[in-house]
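Numbering (my numbering), first residue to last: 13 to 528.
We put the beta carbon where it would ideally sit given N, CA and C, even for glycine.
Nothing here was measured: the structure is a model prediction, and the numbers come from that model.
Right, here's the structure in full:
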């Protein structure tokens, strides 16, 4: 596409239509991303209704994540073959229908099946909405546009436990899914009315490569999601999934890197900004998603907070994310984007490090909320510049494919982070349980002091129960601190990689001429 055509695309669209199209994709992204975490707090209620065990009910989450991961890399091809607007409309409509079916589910099989459909339909929404925002705004406005789009991507998982806890406590778990109906209808009206259509083309596709990618990514996601539950390499299932994912993904990369008909055009990673941004967003997802997964467990399991209260305590992080994005939107046109990412990583590192020093079983809510605010501002400052820099040196026609690469990296990073953090928590808790338990002997003065404080004796059966429960709480507390220490390190080691990014600013060769 000629440079003049790109300029015309930006300037010929009236501002009100651009704003309404932005609202349409933001609403779609928020609905789809929110559904990834809003279900988590409803799982205990769903267990009884569906007759599932704690291990079985986790398939409600696994099925959605695996389906999403398989379809995301194919979103670029779908947009080219059927037109971006058409794919978005079908995706949102299918997502809403699948949500209604989830709410109607009476068995675990039905729920898992409909969650697979929900994840498959919703997968294309995030990358294609990002590509829509990239193409709708010129280089000068793109940073602000990415800030608006990022609200949906970041607020979804952060606010999920808050929204899910409120809905489950007051309306019932079915409404976690039914709430998508009114939102989806409004969203469909906006998409049909205000999203600019793109031309559908008959593009060739390497079906064998597509199958390799789908099997490889699906196996990898299932491995990451089930690994801790299955005890990793001690499970034949995990070993098989690991072999399948390595073989399929390696074969796909070798086969597809320079193929013009590849389902995912990996040769775009020759662009330094896209490659570095994709790596950074994947590594950033490790820290962000693991933090969001761990904190509800800490608040509810160790501190005994009800789901709705835990959600309210975590809500300030969402407000802080919006604050960070507002700061970025104001500065991104005037400041080197790499500095925004740098300071965002510093704030995320500091906020997480504080949790390793202040979290304990008697912690005041102030010290729970304060680090999350610092973290949230940092997260908001990281996401928007990375989303902008990823496309800055790419031609416009590569937007859909680049969005697929960028978002599959984000998705895998989040799954990887949750898997690592859960494993650290589990194994550190077990190790600390053995270490602390070894100190419970009759000659330990601290044990005698505890007996005196509780009025119990060593022969009292209640003493053994209370000691066992307290030992587990203390062991898990140390496990949480070690897991947050890993997250701190995951943010810290990313800081030097920021310098690999190239900020071309208004001088991008693909920016409209008016910005040069």
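Using a Cβ-Cβ cutoff of less than 8 Å, which residues in the same chain neighbour residue i once the five nearest sequence positions on both sides are dropped?
{"i": "residue 364", "result": "299, 303, 383, 387, 496, 499, 500, 503"}
{"i": "residue 27", "result": "none"}
{"i": "residue 196", "result": "43, 104, 105, 107, 108, 111"}
{"i": "residue 478", "result": "466, 468"}
{"i": "residue 381", "result": "325, 328"}
Report all residues from its chain with a CB closer than 7 Å to the CB of residue i; omit the five preceding and five following residues, and keep chain order.
{"i": "residue 490", "result": "440, 444"}
{"i": "residue 423", "result": "80, 81, 84"}
{"i": "residue 17", "result": "Low confidence applies to residue 17: its pLDDT is 39, below 50, so where it sits in the model is not reliable enough to give any reading."}
{"i": "residue 230", "result": "78, 81, 82"}
{"i": "residue 235", "result": "250, 253, 254, 257"}
{"i": "residue 269", "result": "278, 279"}
{"i": "residue 339", "result": "393"}
{"i": "residue 297", "result": "422, 425, 426, 429"}
{"i": "residue 90", "result": "99, 136"}
{"i": "residue 321", "result": "none"}
{"i": "residue 242", "result": "249, 250"}
{"i": "residue 245", "result": "251"}
{"i": "residue 264", "result": "221, 224, 225, 228"}
{"i": "residue 75", "result": "124, 127, 128, 131"}
{"i": "residue 398", "result": "289, 292, 293, 353"}
{"i": "residue 38", "result": "160, 161, 163, 164"}
{"i": "residue 217", "result": "89, 273, 275"}
{"i": "residue 145", "result": "34, 37, 157, 158, 161"}
At which residues does the alpha helix (DSSP H) containing residue i begin and terminate?
{"i": "residue 451", "result": "Per DSSP, residue 451 belongs to no alpha helix (DSSP H) and is neither H nor E."}
{"i": "residue 369", "result": "349-370"}
{"i": "residue 295", "result": "284-309"}
{"i": "residue 346", "result": "Premise fails: residue 346 is in no alpha helix (DSSP H) and is neither H nor E."}
{"i": "residue 57", "result": "55-62"}
{"i": "residue 81", "result": "71-83"}
{"i": "residue 494", "result": "473-504"}
{"i": "residue 140", "result": "137-148"}
{"i": "residue 395", "result": "377-401"}
{"i": "residue 464", "result": "457-466"}
{"i": "residue 267", "result": "248-268"}
{"i": "residue 124", "result": "120-134"}
{"i": "residue 409", "result": "Looking at the DSSP string, residue 409 is not in any alpha helix (DSSP H), and its letter there is neither H nor E."}
{"i": "residue 28", "result": "27-49"}
{"i": "residue 98", "result": "96-116"}
Tell me, to the nearest whole angstrom, how far the beta carbon of residue i is from that of residue j; I am working on the premise that it is less than 8 Å.
{"i": "residue 154", "j": "residue 400", "result": "6 Å"}
{"i": "residue 417", "j": "residue 290", "result": "6 Å"}
{"i": "residue 293", "j": "residue 164", "result": "About 15 Å separates the two Cβ atoms, so there is no contact after all."}
{"i": "residue 62", "j": "residue 140", "result": "Their Cβ separation, rounded to whole angstroms, is 32 Å, which puts residue 62 and residue 140 out of contact at 8 Å."}
{"i": "residue 375", "j": "residue 328", "result": "15 Å between Cβ atoms; not a contact."}
{"i": "residue 411", "j": "residue 143", "result": "4 Å"}
{"i": "residue 210", "j": "residue 88", "result": "Actually they do not touch by this definition, with Cβ atoms about 12 Å apart."}
{"i": "residue 276", "j": "residue 225", "result": "6 Å"}
{"i": "residue 100", "j": "residue 159", "result": "About 21 Å separates the two Cβ atoms, so there is no contact after all."}
{"i": "residue 305", "j": "residue 312", "result": "In fact, because the Cβ distance is near 12 Å, the residues do not count as touching under 8 Å."}
{"i": "residue 468", "j": "residue 458", "result": "The Cβ separation is near 14 Å, so there is no contact."}
{"i": "residue 185", "j": "residue 57", "result": "4 Å"}
{"i": "residue 53", "j": "residue 176", "result": "4 Å"}
{"i": "residue 71", "j": "residue 109", "result": "Residue 71 to residue 109, Cβ: 21 Å. No contact."}
{"i": "residue 437", "j": "residue 483", "result": "Not really, about 16 Å apart at Cβ, beyond 8 Å."}
{"i": "residue 405", "j": "residue 240", "result": "Between residue 240 and residue 405 the Cβ distance is about 39 Å, and since that is not below 8 Å, they are no contact."}
{"i": "residue 359", "j": "residue 390", "result": "3 Å"}
{"i": "residue 92", "j": "residue 215", "result": "5 Å"}
{"i": "residue 32", "j": "residue 202", "result": "6 Å"}
Under 6 Å Cβ to Cβ from residue i, same chain only, skipping five residues before and after it: list those, please.
{"i": "residue 106", "result": "133"}
{"i": "residue 222", "result": "275"}
{"i": "residue 330", "result": "167, 170, 171"}
{"i": "residue 317", "result": "311"}
{"i": "residue 367", "result": "383, 496"}
{"i": "residue 212", "result": "94, 95"}
{"i": "residue 55", "result": "69"}
Within 7 Å of any Cβ in chain D, is that where the Cβ of residue i sits?
{"i": "residue 350", "result": "In the structure shown, chain D cannot be found, because there is only a single protein chain."}
Measuring only from the beta carbon, is residue i closer than 6 Å to any heavy atom that is part of the ligand COA?
{"i": "residue 167", "result": "Looking for the ligand COA in the displayed structure turns up nothing, as the structure carries no ligands at all."}
>> Whether or not the region 182-200 and the region 114-121 are in contact is what I'm after, with contact meaning three or more pairs of Cβ atoms, one per stretch, closer than 8 Å; do they touch?
In response: yes
>> Quick check on the DSSP output: what are the complete alpha helix (DSSP H) runs of length 4 or more inside the region 161-223, in order along the chain?
In response: 187-190, 192-206
> Counting Cβ pairs, one atom from each stretch, are 3 or more of them under 8 Å apart for the region 169-186 and the region 453-473?
Replying inline: no
> Is the region 311-326 in contact with the region 343-363, if contact means three or more CB pairs nearer than 8 Å?
Replying inline: no
> Going along the chain, which unbroken runs of the alpha helix (DSSP H) with 4 or more residues stay wholly within the region 425-452?
Replying inline: none
>> So, does the region 459-473 touch the region 331-346, judging by three or more C-beta pairs under 8 Å?
In response: no
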